[in-house]
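Student: Below are the structure tokens for one structure; questions will follow.
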Amino acid sequence: MAKPDFHEIESKIQKFWEDNKIYSTNLKSKEIYSVDTPPPNISGKMHIGHAFGYSQQDFIVRFMRMKMGSIFYPFGTDDNGLPTERLIEKTKKIKSIKMSRADFVKLCLEFLKDYTPEAIKDWKDLGISCDYNLTYSTIDPQAQKVSQKSFLDLYKKGHVYKENFPTIWCPHCQTSIAQAELEDKEFSTKFSTLKFECEGKDLLIATTRPEMLPACVAVFVNPKDERYKDLVGKKVKVPLLDFEVPILEDESAQIDKGTGVLMICSYGDRFDLDSINRHKLEAKTIIEKDGTINFGDYSGLKVKDARKKILENLESAGKIKKTKEMVHAVNVHDKCGTPIEFVNTPQWFIRIMDKKQELIDQGNKIKWYPEFMHKRYDNWVKGLEWDWSISRNRHFGVPIPAWECEKCNELIFPEEKDLPVDPLQKEMKCKCGEIAVPEKMVLDTWATSSVTPQIASDLVKGKIKLPFSLRPQGHDIIRTWAFYTIVKSYLVEEEIPWKDIVISGNVSLGGEKMSKSKGNVVGPEEVIKKYCADALRYWAAGSKLGMDLDYQEKDLVTGKKLINKILNATNFVFMNLENYDGKACPKKLEEVDQIFLTKVGMLVERVTEYFMNYEYSKAKQEIDGFFWSDFCDNYLEIVKKRVYQGEGDKKLSAQYALYKGLSIMLKLFAPIVPFVTEEVYQKHFKKIEKGKSIHLCSWPVPEFNSKKELNEVYKFDRFVRVLEEIRKEKSNAQKSMNSEIKLVLQKEDFELFNGMLEDLGNVTGAVEIIEGQDFKVEFVSN
RNA sequence: GAUCCCAUUGUCCAAUGGUUAAGACAUCUCGUUUACACCGAGACGAUCGCAGUUCGAUUCUGCGUGGGAUCACCA
């Protein structure tokens, strides 16, 4: 037989699925398994980590489709945010900031119309069985509407507020950001001990941020620190600048850190913020939105340059006691790596700090797979320190639907029927008759992607309601996507967004996380090209939910072999099933056939249970082991001669068992390797089984003819053990596997195999089987 | 510093309070012709360290070591 061309098969099958709308959603069904599909950001190439995660969720969905009959599995793309903005700017060679928001969004939607189908190709090639006719983008008008509505609902319920507040700010992107968007990054810096002056004496204070000196509003010492006891309440002179600030007692000053004296500046970090509030100090703002200093000689300098300059000045003024180089971690913006600042600007927030316990309770109502991922959610909620800042001072995104009257400071919101709305495009009047000022800011992208269940639900006019059955996602976005979705569903609908959440692990390479910066990324398209999609999926099924998997190219070979084996075994079976109608059954099944089918039934039972618990990797292992070992290596060998040479019921019995067994095994394999199983189904089974696609067939149910049979399956295993013994003898004797032998069986085995002796003879090449004292294999010489 | 995950053969990855600790790749020895050399048979080869619980621990508990993730630390 010619080598099968996997790629040809896969593209043919993919086209078949698409032409026949195999994955179209049937909303009439009573019970629908609904999935809150992760919308990928299409600005980057698909990563093998994505392929890994999406494959795992697709195993679950494909199983559920067969088991439950109806699936809601939409597809979406997350195009709302910086990465897409940059992609479009680059491709179209434009600057979004120079366009009106409405024009840019329009351009974006046009761009996506052309670009998205190409980007979705990766998902289709992998065999992800979404209904691609139900596709949303997080920037399309529908999504904008849902997102804005959710904002308005939250405002009405009192969960949203607007406030002037020192917010976590990215000077590079020039926007406020949320706690979840912070990352740590190590920087080397100068750690300087400065001479402040109190009553003519030096007071030493260590800092990494001397440029904040102009914003110094106080210094703290610990009330228990004997060294500084008598200084409390006095004033201290800030070096170089010669203004005075009070010396205050505060527990937050740690005796053993630095010199034990802590300088408070507005705002060096979030503790400064707390401290200033606690002591009702007056803040001084010296950092502008663009990250420059607005004070004296340092005006217009970036923080980093200002630091350098002030250190030089301090040095020449003799105000530095000592300087030490050190490396420390700084909070940076996860999108650009820029150290964040705290800048006082008006921003919109969703109040969550007062709801930590409720949010933990919501998390408890959801089933987490694996369970330990639940702890990551809890830890995140417990560690929250800020309300969710949802406004972004960006150009591109879902507009915040609000206006403000400058005369009466009234906030004005649109009617629901007018959504989606861009305040910049619509004039709104205040009650007082004054024209209101439109809100320029947009919503945090997470504020929109946190309503993916509602956006998806909107695609089918609300026919699918919360909670969805499943949320699949990666563990890197528990604190963002999972968390925010839970927040929104709770605050808007007092509901959990989904009943179950399954979390996929990462793909590593040699134990290291794959990342673009390390340059160790493997692209799924090259893997598919070299092996095939089924092989990639088969590999992805090798690890449990939540577990990382080390990528090794050789592991792809295993999948490819299996696919080849499936094709070959099927060929063999159908070569011997000519004119078999799929139903004809002998009056009595041969014992081996009967037991084989019983074992298939037991397999179905186990595999079903595993899939129900989302343990696709165990399911895979079970089917795989059974198919390769029990079926191909043993059962097929056992019945081979009977189908070649047998007649009447003896042959029919084997044909019946082969057909039935193979048909079931293929269905069990279908969620994991959908292409090859579909290929085989279309070629051989469809004319008999009538289902349009194997993926629309119902999941096999375990059938047992009688309890007696269940008790007899051990015979099969014993049979195989004896077979193995004989093979071993042959191997040791360096004989071929089909060399003829005379076989002596012990009494127990001889009696046990009473109904299967003929088959035993066939498979072992035994010309004679007799009962004897000891097991013995004697070679017949020719 | 805190929390969580992980540690099994040369490599990747299963399972298990007690029998022979599974499989894949690699290695070695054979075989093959009415499914498959992308094959078949056989062989070789493993539970991180210490203590505890137990009749019995690779499995449970604690500590240690090593790896990873997340959060914090930014005087």
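For the record, in the first sequence the residue sitting at position 539 is 538 according to numbering that gives the first Met the number 0, with numbers rising by one throughout.
Built from N, CA and C at the ideal position, the CB exists for glycine as well.
A quick note: this is a predicted structure, and the numbers were derived from the prediction, not measured.
Once you ignore the five residues that flank residue 341 on each side, which residues in its own chain have a CB closer than 6 Å to its CB?
Tutor: Excluding positions up to five away in sequence, the list reads 165, 266.
Student: Compute the distance between the beta-carbons of residue 332 and residue 176, then report whether it is under 8 Å.
Tutor: Their beta carbons are under 8 Å apart, which means residue 332 touches residue 176 by this criterion.
Student: What is the rounded straight-line gap between the Cα of residue 72 and the Cα of residue 458?
Tutor: Near 11 Å, if we compare the C-alpha coordinates of residue 458 and residue 72.
Student: Counting along the chain, where does the beta strand (DSSP E) carrying residue 73 start and finish?
Tutor: From DSSP, the beta strand (DSSP E) with residue 73 extends over 73-76.
Student: Which residues in the same chain as residue 759 place their Cβ atom closer than 6 Å to its Cβ, once the five residues preceding and following it in sequence are excluded?
Tutor: 752, listed in sequence order.
Student: CA-CA distance, residue 554 and residue 288?
Tutor: For residue 554 and residue 288, the distance between alpha carbons rounds to 51 Å.
Student: Skipping 5 residues on each side, what residues in its chain have a beta carbon closer than 7 Å to that of residue 730?
Tutor: Result list for residue 730: empty, nothing under 7 Å.
Student: Would you call the CB atoms of residue 613 and residue 671 closer than 8 Å?
Tutor: No. Outside cutoff.
Student: Using three-state DSSP, classify residue 0 as helix, strand or coil.
Tutor: The predicted model places residue 0 with a pLDDT of 46, which falls under 50 and marks its position as unreliable; any figure quoted below should be read in that light. Correct three-state label for residue 0: coil.
Student: Would you mind listing the alpha helix (DSSP H) stretches within the stretch 438-481 that are 4+ residues and don't spill past its ends, in chain order?
Tutor: You should have 444-448, 451-458.
Student: Identify which residue in 754, 664, 779, 749 has its Cα closest to the Cα of residue 769.
Tutor: Of the candidates 754, 664, 779, 749, the one whose C-alpha sits nearest the C-alpha of residue 769 is 749.
Student: Indicate the three-state DSSP secondary structure (helix, strand or coil) for residue 330 in the structure shown.
Tutor: Three-state DSSP puts residue 330 in a strand.
Student: Look at the alpha carbon of residue 49 and the alpha carbon of residue 455, and state the distance between them as a whole number of angstroms.
Tutor: Roughly 21 Å separates the two Cα atoms.
Student: Could you compute how far the alpha carbon of residue 535 sits from the alpha carbon of residue 115?
Tutor: Approximately 23 Å, taken between the alpha carbons.
Student: How many Å lie between residue 431 and residue 228 at the Cα?
Tutor: Their backbone Cα atoms lie some 58 Å apart in a straight line.
Student: Taking residue 347 as part of the beta strand (DSSP E), name the residues at either end of that continuous run.
Tutor: Run containing residue 347: 340-349, per the beta strand (DSSP E) assignment.
Student: Between 64, 679, 336, which lies nearest to residue 172 when the distance is taken from Cα to Cα?
Tutor: Taking only the C-alpha atoms, the option nearest residue 172 is 336.
Student: Could you check whether residue 285 and residue 293 sit closer than 8 Å to each other, using their CB atoms as the reference points?
Tutor: It is a contact, given that the beta carbons lie within the stated cut-off.
Student: Which residue comes first and which comes last in the beta strand (DSSP E) that contains residue 132?
Tutor: Unbroken beta strand (DSSP E) run through residue 132: 130-136.
Student: Under a three-way DSSP split, which group does residue 309 fall into?
Tutor: Three-state DSSP puts residue 309 in a helix.
Student: Can you pull the DSSP bridge partners for residue 195?
Tutor: Answer is 202.
Student: Beta carbon of residue 708, beta carbon of residue 637: below 8 Å?
Tutor: No, the Cβ-Cβ distance between residue 708 and residue 637 is not below 8 Å.
Student: For the beta strand (DSSP E) containing residue 34, name the first residue and the last one.
Tutor: Element bounds for residue 34: n/a, residue is neither H nor E.
Student: Is the Cβ-Cβ distance between residue 466 and residue 503 less than 8 Å?
Tutor: Going by C-beta atoms, residue 466 is not nearer than 8 Å to residue 503.
Student: Bridge partners for residue 181 per DSSP, in chain order?
Tutor: Answer is 332, bridged to residue 181.
Student: Going by beta-carbon coordinates alone, are residue 264 and residue 215 separated by less than 8 Å?
Tutor: Cβ atoms of residue 264 and residue 215: closer than 8 Å.
Student: Distance check for residue 60 and residue 23, CA to CA, integer angstroms please.
Tutor: Taking the straight line from one Cα to the other gives about 13 Å.
Student: Touching or not, the stretch 716-733 and the stretch 647-656, by the rule of three or more beta carbon pairs under 8 Å?
Tutor: No, the stretch 716-733 does not touch the stretch 647-656.
Student: How long is the line joining the alpha carbons of residue 765 and residue 675, rounded to whole angstroms?
Tutor: When rounded, the distance between both Cα atoms is 37 Å.
Student: Once DSSP output is grouped into helix, strand and coil, what is the label at residue 240?
Tutor: Reduced to three states, the DSSP call for residue 240 is coil.
Student: State the Cα-Cα distance for the pair residue 366 and residue 618, rounded to the nearest angstrom.
Tutor: Going by the C-alpha atoms only, they are around 20 Å apart.
Student: Please determine if the stretch 390-408 and the stretch 433-448 are in contact, where contact requires at least 3 C-beta pairs separated by less than 8 Å.
Tutor: At 8 Å Cβ cutoff, the stretches touch.
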